[in-house]
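Student: Numbering (numbering that gives the first Met the number 0), first residue to last: 0 to 388. Even glycine gets a Cβ: it sits at the ideal position worked out from N, Cα and C. Got a structure for you, written out below as structure tokens; questions coming shortly.
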Amino acid sequence: MSRDLTNAGFNTRCVHAGQSPDPSTGAVSTPVYLTSTYAQPSPGVFKGDYDYSRSANPTRTAYEANIASLEDAKHGLAFSSGVASLSAVIHLLSSGDHVVLCDDVYGGTYRVFKMIFDQLGITSSRVDMTDHDATEAAMTDKTRLVWLETPTNPTLKIINIKEIARIAHAHNALLAVDNTFASPVLQHPLALGADVVSHSSTKYIGGHADVVGGVLVANDTELYTRLRFVQNAVGAVPGPMDCFLLLRSTKTLGLRVHRQCESAATIASHFEGHAKLEKVIYPGLKSHPQHELASEQMPGFGAMLSIVLKGGLDAARTFLENVELFTLAESLGGVESLVELPAIMTHATVPAEERAKLGISDGLVRLSVGIEDVADQIADIQRALDAVG
Ligand code: P1T
Numbered sequence: 000m001s002r003d004l005t006n007a008g009f010n011t012r013c014v015h016a017g018q019s020p021d022p023s024t025g026a027v028s029t030p031v032y033l034t035s036t037y038a039q040p041s042p043g044v045f046k047g048d049y050d051y052s053r054s055a056n057p058t059r060t061a062y063e064a065n066i067a068s069l070e071d072a073k074h075g076l077a078f079s080s081g082v083a084s085l086s087a088v089i090h091l092l093s094s095g096d097h098v099v100l101c102d103d104v105y106g107g108t109y110r111v112f113k114m115i116f117d118q119l120g121i122t123s124s125r126v127d128m129t130d131h132d133a134t135e136a137a138m139t140d141k142t143r144l145v146w147l148e149t150p151t152n153p154t155l156k157i158i159n160i161k162e163i164a165r166i167a168h169a170h171n172a173l174l175a176v177d178n179t180f181a182s183p184v185l186q187h188p189l190a191l192g193a194d195v196v197s198h199s200s201t202k203y204i205g206g207h208a209d210v211v212g213g214v215l216v217a218n219d220t221e222l223y224t225r226l227r228f229v230q231n232a233v234g235a236v237p238g239p240m241d242c243f244l245l246l247r248s249t250k251t252l253g254l255r256v257h258r259q260c261e262s263a264a265t266i267a268s269h270f271e272g273h274a275k276l277e278k279v280i281y282p283g284l285k286s287h288p289q290h291e292l293a294s295e296q297m298p299g300f301g302a303m304l305s306i307v308l309k310g311g312l313d314a315a316r317t318f319l320e321n322v323e324l325f326t327l328a329e330s331l332g333g334v335e336s337l338v339e340l341p342a343i344m345t346h347a348t349v350p351a352e353e354r355a356k357l358g359i360s361d362g363l364v365r366l367s368v369g370i371e372d373v374a375d376q377i378a379d380i381q382r383a384l385d386a387v388g
């Protein structure tokens with residue numbers, strides 16, 4: 000029995016898309032198909048897509064259909080990590096091709112472009128994509144891909160996806176959007192003109208700090224077929240147990256992210272103007288330079304915020320050594336609140352002078368707001384700020 004979800008709302012699709020009770024037993028949860036291969040009645044004859052689990056696995060198929068539905072996309076593909084999913088997109092390119100990359104991206108994204116693909120002849124230029132003239136100027140006749148994150152990691156700039164899609168397409172380049180920080184709850188880049196969307200599903204999609212994964216979604220079937228070829232040929236696929244955990248996680252994605260956004264907004268307003276802070280960066284604050292655009296492009300402002308401590312590295316270190324509820328750790332998007340220092344942790348591979356240009360100062364602390372009670376989150380931040388001299 001498969002449900003018609005054509006007109007179903009987001010939370011209904013979170014729970015049901017890609018999944019129906021098992022026809023042979025009625026099992027409500029999608030089984031974990033712990034199998035690497037499938038019996039063939041005759042050479043080359045197999046059931047559906049299932050000949051070998053790198054190519055396809057039923058638990059993965061259910062998860063890929065679920066995530067495609069949540070992004071309002073035709074197709075979904077799962078990978079073993081977020082950098083594996085973004086690398087699959089870059090694998091569509093050839094030596095000599097050029098990429099225009101937004102300047103403020105996850106350090107590991109910067110690393111894969113600069114330290115892996117650059118050596119293979121796929122070059123990239125980084126540009127502040129809030130500046131559309133600068134983005135236009137960065138395009139060359141070799142540019143085949145434009146890559147952006149919005150909100151960006153960790154300075155939380157908001158980039159106008161529609162505008163950048165227009166620029167990319169005018170130059171016959173694909174637009175890929177890393178939607179990790181917004182999650183499928185707050186932003187559907189395909190509807191705004193993107194060709195492919197990437198997520199680190201380690202973050203909001205997984206939501207419980209227990210799985211590393213990545214995902215791509217696309218509407219264009221030819222593009223999907225090429226990406227699916229890369230997925231199988233390069234082979235960075237998740238195992239069935241990870242897909243099961245991710246499917247379990249997406250059931251509560253809408254509930255979690257809305258709660259997290261609400262708390263992040265409360266925390267941002269509470270601490271804006273605090274004596275020990277140079278600033279609070281949160282797209283929901285009127286002081287955020289792209290607040291208006293964020294209001295138009297996203298139905299919520301996300302659950303990531305950055306604070307800049309007045310005392311630089313020393314103050315940030317003291318703050319981070321004194322939080323208790325917020326765990327000092329890389330990653331984000333889970334039910335548990337996390338905090339980190341990009342200059343030393345997630346963005347250490349970005350050269351110091353580039354970090355300075357981007358505003359990733361040594362006093363910039365990034366917070367990922369979880370689902371704990373907001374009063375406890377605020378008390379924890381206050382206690383750690385009190386410890387700063
Ligand atoms: O860690 P992995 O699942 O491979 O995802 C990489 C990645 C891709 N895109 C964005 C926007 C990301 O933030 C990440 C991973 N980021 C962290 C680990 C972090 O703490 O920022």
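Opposite Val126 in the DSSP bridges: which residues?
Tutor: Cys101.
Student: Which value, in whole angstroms, describes the spacing of the CA atoms of Lys113 and Gly106?
Tutor: Going from the Cα of Lys113 to the Cα of Gly106 covers about 10 angstroms.
Student: Is it right to say Ile343 is buried, meaning 16 or more other beta carbons lie within 10 angstroms of its own, or is it exposed?
Tutor: exposed
Student: Do Asp102 and Thr154 have their CB atoms nearer than 7 angstroms?
Tutor: Asp102 is not a Cβ neighbour of Thr154, given a cutoff of 7 angstroms.
Student: Return the CA-CA distance between Glu352 and Leu254, expressed in angstroms with no decimal places.
Tutor: 40 angstroms
Student: What are the boundary residues of the alpha helix (DSSP H) that includes Lys318?
Tutor: The question names Lys, yet the displayed sequence has Phe at residue 318. Where Phe318 is concerned, the enclosing alpha helix (DSSP H) stretches over Gly311 to Asn321.
Student: Counting only the same chain and skipping the five closest in sequence on each side, list residues whose C-beta sits under 6 angstroms from that of Gly17.
Tutor: Ala61, Ala64 and Asn65
Student: Comparing C-alpha positions only, which one of Ser52, Pro30 and Asp71 sits nearest to Phe9?
Tutor: Ranking Ser52, Pro30 and Asp71 by Cα distance to Phe9 puts Asp71 first.
Student: With distance defined between alpha-carbon atoms, name the residue in Glu320, Ser35, His207 and Asp379 nearest to Val256.
Tutor: Of the residues Glu320, Ser35, His207 and Asp379, the one whose Cα lies closest to the Cα of Val256 is His207.
Student: Please confirm whether Val14 and Lys250 have their CB atoms less than 7 angstroms apart.
Tutor: yes
Student: Which partner residues of Ser367 appear in the DSSP bridge assignment?
Tutor: Met303 and Leu337
Student: Using only CA atoms, which one of Ala274, Arg2 and Ser336 lies nearest to Ala27?
Tutor: Per the sequence presented here, residue 27 reads as Val, with Ala not at that position. Among Ala274, Arg2 and Ser336, the Cα nearest to that of Val27 belongs to Arg2.
Student: Using only the alpha-carbon positions, how far apart do Asn171 and Lys141 sit?
Tutor: 10 angstroms
Student: Indicate whether Glu135 and Ile157 have their beta-carbon atoms separated by less than 7 angstroms.
Tutor: no
Student: Ligand 1 and Asn178: does any heavy atom of the ligand fall closer than 6 angstroms to the residue's C-beta?
Tutor: No, the beta carbon of Asn178 sits no closer than 6 angstroms to any heavy atom of ligand 1.
Student: Rounded to the nearest angstrom, what separates Leu395 and Tyr49 at their Cα positions?
Tutor: The requested residue 395 is not part of the displayed model; the chain covers only 0 to 388.
Student: Buried or exposed, going by whether 16 or more other CB atoms sit within 10 Å of the CB of Leu246?
Tutor: buried
Student: Verify whether the separation of the beta carbon atoms of Ala175 and Val88 is less than 7 angstroms.
Tutor: In this structure, Val88 lies closer than 7 angstroms to Ala175 by Cβ.
Student: What do you reckon, are the CB atoms on Ala302 and Val368 nearer than 7 angstroms?
Tutor: yes
Student: Could you name the residues of the same chain whose beta carbon sits closer than 6 angstroms to that of Ala83, not counting the 5 residues immediately before and after it, in chain order?
Tutor: Gly213 and Ala235
Student: Confirm, please, whether the CB-CB distance from Thr179 to Lys202 is below 7 angstroms.
Tutor: Yes. Within cutoff.
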